[in-house]
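Q: Sharing a structure with you now.
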Amino acid sequence: MQPLTGFRDFLPDACAERNYIFAKWREVAGHYGFVEFDGPVLEELDLYKKKSGEEIVRQLYEFVDKGERAVALRPEMTPTLARIVAEQHRQFRKPLKWFSIPQVFRYERPQRGRLREHFQLNCDIIGEEVPESDAELIALVIDVVRAFGFTSQDFVVRISDREFWTELLKLEKVPPDRWEEMLQAIDKSEREPREKTEERLGKLAKPVFEILEKGGESVKLNEIMGNLRMRGLADFAKIDVRIVRGLAYYTGIVFEVFDRAGKFRAIAGGGRYDQLVAQLSDNAVSLPALGFAIGDVVLGEMIRGNATARAQMEKTITSERDVEIYVVVAKEEQRGNAMAAIQQLRDSGYRVDYSLASAKIARQFRLAEQTGARFAIVFGDEWPQVGVKDLTSGKQESVPHDKVPSHLESLREP
RNA sequence: GUGGUCAUAGCUCAAUGGUAGAGCCCCAGAUUGUGGUUCUGGUUGUUGCGGGUUCGAGUCCCGUUGACCACCCCA
Numbered sequence: 077m078q079p080l081t082g083f084r085d086f087l088p089d090a091c092a093e094r095n096y097i098f099a100k101w102r103e104v105a106g107h108y109g110f111v112e113f114d115g116p117v118l119e120e121l122d123l124y125k126k127k128s129g130e131e132i133v134r135q136l137y138e139f140v141d142k143g144e145r146a147v148a149l150r151p152e153m154t155p156t157l158a159r160i161v162a163e164q165h166r167q168f169r170k171p172l173k174w175f176s177i178p179q180v181f182r183y184e185r186p187q188r189g190r191l192r193e194h195f196q197l198n199c200d201i202i203g204e205e206v207p208e209s210d211a212e213l214i215a216l217v218i219d220v221v222r223a224f225g226f227t228s229q230d231f232v233v234r235i236s237d238r239e240f241w242t243e244l245l246k247l248e249k250v251p252p253d254r255w256e257e258m259l260q261a262i263d264k265s266e267r268e269p270r271e272k273t274e275e276r277l278g279k280l281a282k283p284v285f286e287i288l289e290k291g292g293e294s295v296k297l298n299e300i301m302g303n304l305r306m307r308g309l310a311d312f313a314k315i316d317v318r319i320v321r322g323l324a325y326y327t328g329i330v331f332e333v334f335d336r337a338g339k340f341r342a343i344a345g346g347g348r349y350d351q352l353v354a355q356l357s358d359n360a361v362s363l364p365a366l367g368f369a370i371g372d373v374v375l376g377e378m379i380r381g382n383a384t385a386r387a388q389m390e391k392t393i394t395s396e397r398d399v400e401i402y403v404v405v406a407k408e409e410q411r412g413n414a415m416a417a418i419q420q421l422r423d424s425g426y427r428v429d430y431s432l433a434s435a436k437i438a439r440q441f442r443l444a445e446q447t448g449a450r451f452a453i454v455f456g457d458e459w460p461q462v463g464v465k466d467l468t469s470g471k472q473e474s475v476p477h478d479k480v481p482s483h484l485e486s487l488r489e490p
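Numbered per our numbering, the first sequence finishes at 490, counting up by one with no gaps.
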């Protein structure tokens, strides 16, 4: 039996990596004053339809439950957040700075960096419209990636502004109902042959390509770059108006994070969605909002593909997982005394392991080695003395059993 | 949804159409109380599944399931 297509088992090594990633995410979000929330994995299908239209249903894990409700596994966190905020925002001072680490689902064929489920860090600021909030959010995404050991040599945030393009569309008198189509064409221009994009854009092709070739900018974009420069983060970001993002709900600044080597798909993306809360609450509540998401799959691939990031991860995982003390029961008659010591050491906060079944001494030492223990404590004929062995140096000392805790403390100091 | 590549031991992989193997891991031993390196021995398979061709199929053909990669789409 295997897991379903596109789903993962997390064996201990994979689970340790996942926990490492989550811990870094929580740590950095905390540095920025964000607080964690969560919501249901299952939502009414309408929540997603309302936001993205019927065609999204094709990629949704969607079904009718036993109460005949049309439901879907969450494909992203933003609609849930917008729903919660529309209902509950009065309880909280603005702006809200919230993050979440949801597992999200999509029904599509798995491929590199993309499965049918993954975890993502979502960070959102609700109720603030000044560009400083856009800069703050971008600084956060930069610091999230930096936390894994990556530098400005490894990744870059490409920052754009949908308003930059909608201004042009207004100027060129393109009817608003065709804006989304035009934005999609610009979004695809990097990945498609020029002729195809020209065809999509029609009379807009000429001005758009002029801008793309000489590089666009705006007062707002320059202000955000200036803000990042003050933080010393300018090397991690650049203005790039080619970024538009596929989702229809973005209204202003949008950005995506890429590895500089271009080996992976976008590792994070986000932007401003000032209308979404109003849209989901039928205009009962209107709050400006912005957020980003970064997934665990591509980030994990990138960490494993980078020597520095990988070493940092492995070191952290090892130091948190290895047991510190392995108790060797050299004589079965000593098992009772060993158990008492094990309980005491565990109460003191040590990670302690031992062989549940009786085993030869050599095997117990091999197990001590394999669990990564720094010390072995041998219970045998010397009782009430016990042997405390430093497994790194191989040196063993005989210590009265009741002096073991203080002896370990003295060895631990340096 | 479309296309390509692949599927052999727990893991990584061999095997001209002719008796299914290696390394790693695991287990046991090398004068009965001390790990890492060594040496010796051992366990492990309906060759993903179902059909077909053939005297004979892991190998060739068809189907199916799954994996990987690309496209579509992008949260």
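All C-beta atoms in this analysis are idealised placements derived from N, C-alpha and C, irrespective of residue type, glycine included.
1. Do Gly-367 and Leu-191 have their C-beta atoms within less than 7 Å of each other?
2. Restricting to Cα atoms, I'd like to know which of Pro-364, Val-353, Glu-396, Arg-134 is closest to Pro-171.
3. Would you say Asp-210 and Arg-336 are within 7 Å of each other, going by their C-beta atoms?
4. Quick one: Cα of Ile-97 to Cα of Lys-249, how far?
5. Note down the Cα distance separating Gly-381 from Asp-457, rounded to an integer number of angstroms.
6. Can you tell me the Cα-Cα spacing of Lys-369 and Ala-406, whole angstroms?
7. Using only the alpha-carbon positions, how far apart do Asp-27 and Ile-437 sit?
8. Under 8 Å, with one C-beta from each stretch per pair, do the stretch 336-354 and the stretch 240-257 reach the 3-pair mark?
9. Less than 7 Å between C-beta atoms, sequence neighbours within five positions excluded: which residues of the same chain meet that for Trp-101?
10. Among Ile-235, Ser-362, Glu-396, whose alpha-carbon lies nearest the alpha-carbon of Glu-293?
11. What do you get for Leu-87, buried or exposed, if any count of 16 or more other CB atoms within 10 angstroms of its CB means buried?
12. For Tyr-183, which of helix, strand or coil comes out of DSSP?
13. State the start and end residues of the unbroken alpha helix (DSSP H) segment that holds Lys-264.
14. Using only the alpha-carbon positions, how far apart do Asp-263 and Val-428 sit?
15. Relative to the C-alpha of Glu-243, which candidate in Arg-222, Leu-304, Gly-328 has its C-alpha closest?
16. Would you list the one or two residues that DSSP bridges to Gln-472?
17. Find the nearest neighbour of Ile-418 within the set Ile-453, Pro-186, His-483, judged by alpha-carbon distance.
18. Kindly give me the distance between the Cβ atoms of Ala-146 and Leu-123, rounded to whole angstroms, as I take these residues to be in contact under 8 Å.
19. Alpha carbon to alpha carbon, what distance is there between Val-462 and Gln-410?
20. Looking at the secondary structure, which residues open and close the alpha helix (DSSP H) in which Leu-309 lies?
21. Buried or exposed: where does Ala-215 fall if 16 or more other Cβ atoms within 10 Å of its Cβ makes it buried?
22. Where do the ends of the alpha helix (DSSP H) carrying Lys-246 lie?
23. Only counting runs of 3 or more residues, tell me where the beta strand (DSSP E) segments fall wholly within the stretch 143-184, in order along the chain.
24. What does DSSP give as the partner residues of Phe-195 in its beta bridges?
25. Taking the C-alpha atoms as reference points, what is the distance between Ser-424 and Lys-471?
26. Have a look at Glu-152, Phe-224, Gly-338, Arg-134 and flag the residue whose alpha-carbon is nearest the alpha-carbon of Glu-93.
27. Using DSSP's beta-bridge definition, name the partner residues of Gly-346.
28. Pick from Val-361, Ile-379, Gln-440, Leu-288: whose alpha carbon is nearest that of Ala-162?
29. Within a Cβ cutoff of 6 Å, which residues of the same chain sit near Glu-299, ignoring the five residues on either side of it in sequence?
30. Starting from Asp-210 and walking both ways along the beta strand (DSSP E), at which residues does that stretch end?
31. Does the Cβ of Gln-187 lie closer than 6 Å to at least one heavy atom of the ligand SAH?
32. Give me, in chain order, the residues of the same chain whose beta-carbon lies closer than 7 Å to that of Val-233; leave out the 5 immediate sequence neighbours on both sides.
33. In this structure, does DSSP put Glu-293 in helix, strand or coil?
34. Using DSSP bridges, identify the partner residues of Tyr-430.
A: Inspection of the coordinates gives the following:
1. no
2. Pro-364
3. no
4. 47 Å
5. 51 Å
6. Sequence inspection shows Ala at residue 369; the Lys mentioned does not correspond to that position. Ala-369 and Ala-406: Cα-Cα distance of roughly 53 Å.
7. For the chain, the structure presents residues 77 to 490; residue 27 sits outside this window and is missing.
8. no
9. Ile-177, Leu-197, Val-220
10. Ile-235
11. exposed
12. coil
13. 255-264
14. 55 Å
15. Gly-328
16. Lys-465
17. Ile-453
18. Incorrect: roughly 10 Å between the Cβ atoms, too far for contact.
19. 10 Å
20. Where Leu-309 is concerned, there is no enclosing alpha helix (DSSP H), given that its DSSP letter is neither H nor E.
21. buried
22. 238-247
23. 146-149, 172-176, 179-181
24. Gln-179
25. 24 Å
26. Phe-224
27. Phe-331, Phe-368
28. Val-361
29. Pro-207
30. Taken as a continuous stretch (DSSP letters only), Asp-210 belongs to no beta strand (DSSP E), being part of the alpha helix (DSSP H) at 207-222.
31. Of the ligands one can find in the structure shown there are none, so the ligand SAH has no counterpart to examine.
32. Ile-214, Val-217, Ile-218, Phe-312, Ala-313, Phe-331, Val-333
33. coil
34. Val-403
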